[in-house]
Amino acid sequence: MEQVQVPGGEFLVRSADPADVYTPEEFTEEHRMIRKTARDFVEREVWPSQDAIEAEDFDRVVQLLKQAGDLGLLAHSVPEAYGGLGLDKISKGIVGEMVGMTGAYGVAHSNHTCIATLPITYFASDAVKQRVLPKMASGEYLGAYCLTEPTAGSDALAAKTVARLSEDGTHYLISGTKQFITNAGFADTFVVYAKIDGEQFTAFLVEKSFPGISLGPEEQKMGIHGSSTRQVIFDECPVPVENVIGEVGRGHAVALGVLNLGRYNLGAGNVGGAKRALAVAARYAAERRQFGRAIAEFPATQAKLASVAARIYAAGSLVYRTAAMLEDALAPLYGELPTREKEARLREHAIECAICKVHGSETLWKAADEAVQIHGGYGYIREYHVERMLRDARIQRIFEGTNEINRLLIPTHFLRRVSRQPELVSRLSAAVDALGKPLQVGAGPTAHERAAIEQMRALYLAGCALVADRFAGRLDAEQEVAMHLADLAISLYAAESALARAEKAASGAQAEVHAALASVAVDDEIQAAVQAAVALFAAIGDHAGVRERALDAIRNLAGLRNPDGIAKRRKLARTVVEQGGYPID
């Protein structure tokens with residue numbers, strides 16, 4: 001894979017050359033082999049066990065995880081030097097996507113391979129890595145991640161769990177309660193965050209064999225029943241000083257950096273889950289007959305299928321685009337780098353990872369919700385299993401920081417970058433000056449889509465400039481405004497990623513399907529961006545005298561919606577039904 005050396009958030013400032021945007025069509029033979037191994041495992045082992053998993057048969061979940069370990073599906077992000085495969089972030093996304101089709105099992109699997117393993121991989125001492133990582137790669141050890149507390153959720157740094165150094169200086173004694181801990185019921189290792197002497201927020205590796213650990217009862221959840229979720233309670237639990245992960249007092253950097261990868265991984269898993277929901281919906285729509293014909297023939301059903309398929313296309317495009325960026329930034333982390341450089345590299349693509357999480361989880365929710373709707377009354381009946389998909393999907397908008405928190409992160413990180421790079425200030429000012437000017441639409445089959453993407457970018461940059469001036473230093477108190485900016489950024493990244501993918505696939509065997517998916521995806525993102533921009537500039541008001549010009553710019557964007565959109569959607573929906581689900585595989 002050619003390296004794509006792109007700074008984090010660069011898509012917000014300038015357009016990308018499609019040649020530099022990595023797409024799933026560029027998977028190597030190794031990637032395809034990993035994908036097949038993971039898919040075969042899901043189809044042969046996990047799906048036949050779904051009823052047992054739903055009944056909270058955690059012994060079966062553990063058995064499946066150990067089978068996955070035997071196949072190498074837990075080892076992709078562990079370096080070869082520590083018993084793993086040391087694969088790239090694209091492979092990580094591929095496995096995440098495949099297990100994401102399974103709901104609760106996928107939660108257990110991805111939690112182990114991502115946030116429960118990566119803090120150790122990147123920040124633990126060599127001795128701890130040598131002792132623990134080979135067992136985590138094989139599945140002998142299963143992991144959990146303990147950050148959330150009863151009174152500390154999104155505000156993780158408000159944690160009350162404390163650690164104090166023992167009198168002989170050999171151990172930290174940890175006391176406190178962690179809440180909603182995935183895999184808690186069967187975990188062998190716990191990545192735990194605590195404040196040393198109530199002040200220095202620090203990460204620790206705690207092992208099940210240590211005394212002073214107890215578990216609360218299984219939480220009775222709306223969904224993901226096959227994922228163990230319990231409190232983990234520490235009472236003077238002695239943890240060897242060598243089990244500190246990273247630097248003392250730098251636990252926040254470990255937590256936030258690794259959560260970025262968790263958000264990327266969630267995006268990939270949600271793509272898999274959405275594909276599964278679309279397949280179930282498409283097949284049912286082809287079989288269910290009303291008024292003398294299959295409901296798949298009705299335009300209202302076709303609109304749902306086409307919109308879901310196109311959104312999945314955009315989600316998959318932006319996830320694997322992000323994967324290549326992450327690989328470029330993080331590949332050296334398997335080697336020896338200073339801790340602070342590791343922390344910085346893990347933060348580099350925080351914006352893109354947040355978008356993977358938000359767009360992916362909302363894509364899954366839309367796919368599952370529409371699957372239930374297409375099933376009608378049967379969708380509400382457990383026998384048909386789509387109601388389980390909906391229940392399992394709901395948590396994804398809460399995991400790894402709520403979607404609201406992730407939306408707030410996007411403009412906050414970008415404006416920090418602007419403050420560090422004065423040359424960007426003139427770029428934002430130029431966007432304000434250009435508001436409302438006539439659009440330049442070039443020639444070619446994707447000219448209108450390209451113009452729409454550039455207009456989204458211009459509106460975002462102008463919006464950032466005006467928000468920074470209008471609400472200087474007060475953006476944290478204007479969360480609605482920040483989230484409107486975020487929605488513009490999300491639509492921009494999704495639309496550009498989808499279009500670049502289709503343009504790169506223009507000479508391939510499925511070029512027509514790629515073009516249809518991208519066209520509908522961009523059209524839907526135009527609509528979403530218009531809605532976000534209207535709300536954003538209404539909140540800004542006539543600050544700097546731009547109101548009318550801003551409205552003209554929004555009208556220009558709205559005018560780029562595809563006049564043949566309905567016909568394209570109907571044709572795409574027919575392809576989805578003919579293929580029995582997502583039409584590119």
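Residue numbers (the UniProt record's numbering): 1 to 585.
Here a beta-carbon is modelled for each residue, glycine too, at the ideal position from N, C-alpha and C.
Straight-line measurement puts the Cα of V6 at about 24 Å from the Cα of P79.
The region 95-109 makes contact with the region 262-272; the number of CB pairs closer than 8 Å reaches 3 or more.
Under DSSP, no beta-bridge partner is assigned to G401. Per the DSSP secondary-structure output, C146 pairs in a beta bridge with V192. Taking C-alpha positions only, E348 is separated from A203 by approximately 21 Å. Take the alpha-carbon of A511 and the one of A350: they are about 32 Å apart. Counting only runs of 4 or more residues that sit fully inside the region 293-357, the alpha helix (DSSP H) segments are 299-330, 339-347, in chain order. Around the beta carbon of M222, a 10 Å sphere encloses fewer than 16 other beta carbons of the protein chains shown; the residue is thus reported as exposed. Considered as a whole, the region 95-156 harbours 143-146 as its complete beta strand (DSSP E) runs of no fewer than 3 residues, in chain order. Burial state of M483 is buried, judged by a 10 Å Cβ sphere holding 16 or more other Cβ atoms.
Remark: C-beta atoms of V520 and S317 do not approach each other more closely than 8 Å.
Excluding residues up to 5 positions away in sequence, G436, P438, L439, Q455 lie with their Cβ nearer than 8 Å to the Cβ of N556 in the same chain.
For S175, the beta-bridge partners assigned by DSSP are V162.
Contiguous alpha helix (DSSP H) elements confined to the region 530-578 occur at 547-558, taking only those with 4 or more residues.
For the set K571, A158, R574, the Cα lying nearest the Cα of H252 is the one of A158.
By the Cβ neighbour-count rule, K36 is exposed, with fewer than 16 other Cβ atoms within 10 Å of its own. Residue range 479-504 is occupied by the alpha helix (DSSP H) that includes L485. Beta-bridge partners of R289 (DSSP): A294.
In the DSSP assignment, R32 falls within the unbroken alpha helix (DSSP H) covering 29-41. Ranked by Cα distance from D328, the options A187, H514, D20, I554 are led by D20.
By the neighbour-count definition (other C-beta atoms within 10 Å, threshold 16), I374 is a buried residue. Counting C-beta atoms within 10 angstroms of its own C-beta, V241 has fewer than 16 neighbours from the protein chains shown and is therefore classed as exposed.
Counted as a single uninterrupted DSSP element, the alpha helix (DSSP H) harbouring A431 occupies residues 423-433. In this structure, the alpha-carbon of R39 lies about 12 Å from that of H31. For A203, the enclosing beta strand (DSSP E) covers residues 200-207. Look at I374 here: in three-state DSSP terms it is helix. By a beta-carbon distance limit of 8 Å, G84 does not contact H413. Their separation comes to about 30 Å. Here the region 461-476 makes no contact with the region 521-530; the two share fewer than three CB pairs at distances below 8 Å.
Excluding its 5 nearest sequence neighbours in each direction, A277 has C-beta neighbours in its own chain below 6 Å: A367, A368, A371, M389, listed in chain order. Of the candidates E496, A529, F537, the residue whose Cα lies closest to the Cα of L517 is E496. For F471, no alpha helix (DSSP H) segment is defined, and its DSSP state is neither H nor E. In this structure, the beta-carbon distance from A184 to T229 falls below 8 Å. In this structure, L485 keeps its C-beta atom at 8 Å or more from the C-beta atom of V13. Going by beta carbons, T161 and F210 fall outside the 8 Å limit. For S15, the secondary structure class from DSSP, reduced to helix, strand or coil, is coil. A distance of 8 Å or more separates the beta carbons of L259 and I410.
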